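Q: Note that the protein sequences, when read in sequence, are chains A and B.
Start counting the first sequence at 29; every next residue gets the next number (the working numbering).
Start counting the second sequence at 667; every next residue gets the next number (the working numbering).
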Amino acid sequence: MCLAIPGKVKKIFNDNTAEIEIGGIVKRASLDLIPQVVVGDYVLLHAGFAIEVIDQEKALEISKAWEGNID
Amino acid sequence: MKYIDEYKNKEIAQNILWQIRRISKKKINLMEVCGTHTVAIFRNGIRKMLPQNINLISGPGCPVCVTPIQYIDEIIAFSRKDNFIITTFGDMIRVPGSTSTLEKEKANGSDVRIVYSTLDALKIAYDNPAKNIVFMGIGFETTSPTIARAILKAEEEKIKNFSVLSVAKIIPPAMRFLLESGEVNIDGFICPGHVSAIIGSKPYSLIAFQYGVPCVISGFEPLDILQSIYLLIRQIENGRAEVEIQYERVVKPEGNKIAMDKINEVFKVVDSDWRGIGNIPLSGLEIKDKYGKFNARKFAIKKEETKEPKGCLCGEVLRGVITPPECPLFKNICTPEDPKGACMVSTEGTCAAYYKYN
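(1) Is the beta carbon of Ile780(B) closer than 9 Å to that of Thr809(B)?
(2) Taking the alpha helix (DSSP H) that Asn681(B) belongs to, which residues open and close that run?
(3) Would you say Cys640(B) and Lys1022(B) are within 9 Å of each other, going by their C-beta atoms?
(4) Could you check whether Gly942(B) and Leu844(B) sit closer than 9 Å to each other, using their CB atoms as the reference points?
(5) Please give me, in chain order, every unbroken run of the alpha helix (DSSP H) with length at least 4 that falls completely inside the region 865–942 of chain B.
(6) Taking only the alpha-carbon atoms, compute the straight-line gap between Ala966(B) and Tyr673(B) and give it to the nearest angstrom.
(7) Which whole-angstrom value describes the C-beta separation of Asp60(A) and Asn44(A), a residue pair presumed to lie in contact below a C-beta threshold of 8 Å?
(8) Give the secondary structure of Leu979(B) by DSSP, where H, G and I count as helix, E and B as strand, and everything else as coil.
(9) Helix, strand or coil for Phe965(B) per DSSP?
(10) Along chain B, which residues have their Cβ under 9 Å away from the Cβ of Ile79(A)?
(11) Answer yes or no: does any C-beta atom of chain A fall closer than 9 Å to that of Gln893(B)?
(12) To the nearest angstrom, report how far apart Pro991(B) and Ile723(B) are at their CA atoms.
(13) Kindly say whether Asn681(B), judged by its beta-carbon, lies nearer than 9 Å to any beta-carbon of chain A.
(14) For a contact defined as C-beta to C-beta under 7 Å, what are the partners of Ala87(A) on chain B?
(15) Scan the region 815–826 of chain B for residues whose Cβ lies nearer than 7 Å to a Cβ of chain A and list them as they occur along the chain.
(16) Looking at chain A, is there any beta carbon in it that lies within less than 9 Å of the beta carbon of Asn675(B)?
(17) Quick one: list the residues of chain A neighbouring Leu889(B), beta-carbon separation under 7 Å, in chain order.
(18) What is the residue span of the beta strand (DSSP E) that Val732(B) lies within?
(19) Between Ala57(A) and chain B, is any beta-carbon pair separated by less than 9 Å?
(20) Alpha carbons only, please: which of Thr972(B), Glu971(B), Lys954(B) is nearest the one belonging to Lys964(B)?
(21) Leaving out five residues before and five after Ser776(B) in sequence, what residues of the same chain have Cβ atoms less than 6 Å from its Cβ?
(22) Closest to Gly805(B) by C-alpha separation, out of Ser894(B), Thr1001(B), Val732(B), Ile852(B), would be which residue?
(23) Name the two residues that bound the continuous alpha helix (DSSP H) containing Ile790(B).
(24) When you measure from the CB of Thr1001(B) to every non-hydrogen atom of the ligand NAD, does any distance come out below 8 Å?
(25) Comparing alpha-carbon positions, which option in Asn930(B), Thr765(B), Ile720(B) lies nearest Lys969(B)?
Now the structure itself:
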């Protein structure tokens, strides 16, 4: 039930909702829990709400840490 | 999809697995306490990839599964009342109460509607001013802020016919309860990433420090889970017990303050009954008196006498004491098509995951 899907913020409206693109599908979601979002951010969407912004730098760290890591 | 596909890389997975094999010596049990993790672990075959000395146990991480039957009966009783519309997330609709389900009540003419968001439930209230709209407020900390937000919005917009039957729960007290009970030996916790996006990493500190059990907050893709397992093993083998965040792209140590403020504004922390586990002190959320007009428990309802399904061992499954195949009903008379217990109904239930993937 705690499923949350990453999506890209395409457009922000005056009522603090946004259009968020998830794998080609656009969904309208509330930004009430993360009002600091800007267009272009990737957010996690849960039950019609964006619950957190994805840190794009930290997102790359796993592959950096593990690529070619076999000693 | 961005932020999903890159965490499925086979070569990196093999690297992590190689390192796991290299450092892992002890025989250990790791518990995942999130139903979404349970499904991800099964779907990706992670149990089978790990060396035999690492055992993954599923914990009480599915909100639908841990909701005691009397609360299912309570929402069913609401659905039988005239002038009531029941709104709920889809997961709840087939969960058996003592004698019925919301799905059966709907087939019998009750107005039961599945919503995707709490705000959709609020919209139904706005569009139907002559009816009482009750939302089944189920979920862990990931979902509770969205329930709180709907109540706050109802207050702002003076929507008077909306109320919530809160059965919301808090995860860390259940983790501590399992450790206290000593029924299952847990050497490390794979902590829920999306719950932690809201609550941050601090609530797990007590578990790590007081009980000496390492906690790693994990994402949900295969590389996330494998890396979290690696981090747990590294702590265990080095004799450390700390809280680490693997899911750093989403989880901040302090969590989401705005979401927490909404929870704290609307809800008070209360003792709560967990199916199969019992009453856990300070593990549930009830609506504060200040917002009492939005609490569905203001209505007098008469629910039927609670009857647990005979022979169902959901409780033991939720505590990690047995695996689903050890329940005599599993696959026998309890299937996803005709579930007897909640763990088989919810797609995130341990029994449903075993049935589908094992």
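Backbone N, C-alpha and C fix where the C-beta goes; we use that ideal spot for every residue, glycine too.
Just so you know, these numbers come straight off a predicted model, no measurement behind them.
A: In brief:
(1) no
(2) 676–689
(3) Any answer about residue 640(B) is impossible in this case: the structure gives chain B only from 667 up to 1024.
(4) no
(5) 871–877, 888–903, 923–932
(6) 50 Å
(7) 6 Å
(8) coil
(9) coil
(10) Thr808, Pro811, Thr812, His860, Ala863, Ile864, Val916, Asn922, Ala925
(11) yes
(12) 13 Å
(13) yes
(14) Tyr669, Arg915
(15) Arg815
(16) yes
(17) Ile90
(18) Premise fails: Val732(B) lies in the alpha helix (DSSP H), 729–732, not in any beta strand (DSSP E).
(19) yes
(20) Lys954(B)
(21) Ser745
(22) Val732(B)
(23) 784–793
(24) As presented, the structure is devoid of all ligands, the ligand NAD included, so that no description of it is given.
(25) Thr765(B)
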